[in-house]
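Numbering follows this note's numbering, in which position 407 of the sequence shown is assigned residue number 395; successive positions increment by one, without gaps. Notes follow the structure.
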Amino acid sequence: MQNALHDIDEVGDDENRQQKHRDQRQEGRALEVHARSIIPTMRHSINRRRFMGSLAAASARWIEPAYSAPLPSRGELILRNAYVMTMDPTLGDIPGGDVHIRNGEIAAVGKAITAPAATVLDGQRMIVLPGLVETHWHMWNTLLRSFDGEKPDQGYFPTAAAYGQVMTPEDMYHGVRLAAAEALNCGMTTVHDYCHNLRGRPHAEADLRAIKEAGLRARWSYGWPQGLPDTQACNLDDLRSLQSGWANFSNGGLISLGFAWRGMFRNTALPPEVYRSEFETARGLGLPISLHVGSRDDAKGQIAALAKENLLGKDVQAIHALSASPAEIQMLAKAGSQVSVSPGTELRIGYGFTKISEFLEAGVPLGVSVDSTVLSGDANLFGILKLARNIENARAHDEFKMPARRMLQLGTIDGARSLGIDDRVGSLKPGKRADVIMIATNQLNMGVFTDPAQMLIESTQPENVDTVIVDGRILKRGGNLTALDRDQVVREAAASFMAVRKRANLR
Ligand SMILES: [Zn+2]
């Protein structure tokens, strides 16, 4: 809590560099920073024509690599003497346990581990567990947080469509960066950014840049622009081109590419030449495909329709699926499809009560998600897991229907399995990547220390999330974000929202 960054030399050095970059950002807009960053290079070897050419390219794209601050480096760390919940069936919980991290990987988990070269992170009165894995989130529209109004024309869908259509790449960047900062603040280490407002390549690059700068692990799913007619396919050439140059966007393998598919049904039934060309292109490229389907009662039969056309499979994630009948749940299970549920938005928008145990009993890989803060307000995934658990108990009229530990599994290892990354993250086990969080239990809402699983699900607020480590990088420490400037993130997002609102000129 008290040691913040000062006891971590490598991170401290990076912090100085980051502060310098943050100062640069505050001095001017991206283009100006870009100009400054390439002027020294020009002095050495680049002639004026090339310099002007670079500026023109920056204008077209607006964002340049020189704009981003470096992420903290991966050091050698030992989380010492904590209540360690590994979420691994063999290792179990380790009271007074240690987690040793080296080069972004978990080197050892156990008691009294010897690691003389490692920086010590004191784990007393802390619960250590794998970082939370989020499985479907339209991060761009965090710029419109809680902007769902009280009249039908101000509901979620018209709001996202009307305001999404006037958003620039810079607005996308600010929305996603705000969401990414909140994700880290709440203890998420992996997100699935389902980006369904791609109005051109600059929008995609702006979105990706925000995730990269935050240091999150992510699946980033390429979608359509808000307002695209159901009769028109999304930009599949751009998807192919993005995939072929993916190394430029993957942040060293932390960000993977997926496809955000509209499915067969949207506002209307999509024509087969649209939904099939989109699906077949994505499947042909070997991309995981995600779609909203069977969201509410009047969407019954949609999953069966997909199954009939062979549009389910291990590469398909179905989102919401509240209307799934027992037969449709079996179709999902048989096909190997995954499901993502988002009780924070499903309840709010009136889809009904989230289905969970039905999918688990059928063996469908399941993850929990934020979906959209336009509806959910905040993105506290611990709170969303609590909501999910309470819905299960309420539906069953049973205090013991859904154990807290089962919910923690859903938020960690099960979420990772549903995204196909459980070989790398989701539990604390030697050889896995170091995505780890530390929850401080010495605050009023967490005292006294009773049952750690119940405490985590029922009590955790973002301010209890003391430390967040992604791939060995410390991105939150002592309650503070290390790679992002919290005030700047909020201030610039607010300015962006004001500009969007003015441009839309609706309310
Ligand atoms: Zn959604």
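Backbone N, C-alpha and C define an ideal beta-carbon position, used for all residues, glycine too.
- Secondary-structure assignment with DSSP links Gly98 through a beta bridge to Asp86.
- Assigned with DSSP and collapsed to three states, Asn468 falls in strand.
- In the three-state reduction of the DSSP assignment, Glu297 falls in the coil class.
- Residues of the same chain with a CB within less than 7 Å of the CB of Ile317, apart from the 5 flanking positions on each side, are Glu346, Phe347, Ala350 and Val352 in chain order.
- Tyr210 sits in a strand when the DSSP states are folded into three classes.
- The segment 458 to 477 and the segment 360 to 376 do not touch, with fewer than three beta-carbon pairs separated by less than 8 Å.
- Counted as a single uninterrupted DSSP element, the beta strand (DSSP E) harbouring Ala248 occupies residues Ile243 to Ala248.
- Residue pairing by DSSP places Ala70 opposite Gly85 in a beta bridge.
- For His280, the Cβ falls inside the 7 Å cut-off from some heavy atom of ligand 1.
- Uninterrupted alpha helix (DSSP H) stretches at least 4 residues long and entirely within the segment 129 to 208 occur at 144 to 152, 157 to 173 and 189 to 202, given in chain order.
- Cβ neighbours of Gln397 within its own chain (closer than 7 Å, five residues either side excluded): Met75.
- Residues Ala202, Leu469, Leu472, Arg474 and Val477 of the same chain have their beta carbon placed closer than 7 Å to that of Ala169, with the five preceding and five following residues left out of the count.
- Annotation: the segment 275 to 322 contains the following complete segments of the beta strand (DSSP E) (minimum length 3 residues), in chain order: 277 to 281 and 304 to 308.
- Counting only the Cα atoms, Gly85 lies some 7 Å from Ala100.
- Nearest to Tyr71 by alpha-carbon distance, out of Arg90, Ile425, Thr177 and Leu363, is Ile425.
- Ranked by Cα distance from Asn185, the options Leu275, Ala167, Leu216 and Val329 are led by Leu216.
- According to the DSSP secondary-structure assignment, Arg421 is paired through a beta bridge with Glu93.
- Selection Ala96, Ser229 and Leu320 evaluated against Arg68 yields Ala96 as nearest (Cα-Cα).
- Cα atoms of Arg207 and Arg113: separation of roughly 33 Å, rounded to the nearest angstrom.
- For Leu117, the enclosing beta strand (DSSP E) starts and ends at Met114 to Pro118.
- Of the heavy atoms belonging to ligand 1, none sits nearer than 7 Å to the Cβ of Ile372.
- DSSP places Asp454 within a strand segment (E or B) once states are collapsed to three.
- The Cβ neighbour count for Glu266, taken over all protein chains shown within 10 Å, is at least 16; the residue is labelled buried.
- When the Cα atoms are used, Met73 and Asp423 turn out to be separated by approximately 13 Å.
- The alpha-carbon of Thr123 is positioned some 13 Å away from that of Asn368.
- Straight-line measurement puts the Cα of Arg284 at about 13 Å from the Cα of Pro331.
- Secondary-structure assignment with DSSP links Trp125 through a beta bridge to Asp181 and Asp359.
- Remark: C-beta atoms of Ser209 and Ala248 approach each other more closely than 8 Å.
- DSSP, read as helix, strand or coil, puts Gln231 in helix.
- Within 7 Å of the C-beta of Tyr71 there is not a single heavy atom belonging to ligand 1.
- Taking the C-beta atoms as reference points, Val108 is found no nearer than 8 Å to Val87.
- Here the alpha carbon of Met434 sits roughly 36 Å from the alpha carbon of Ser484.
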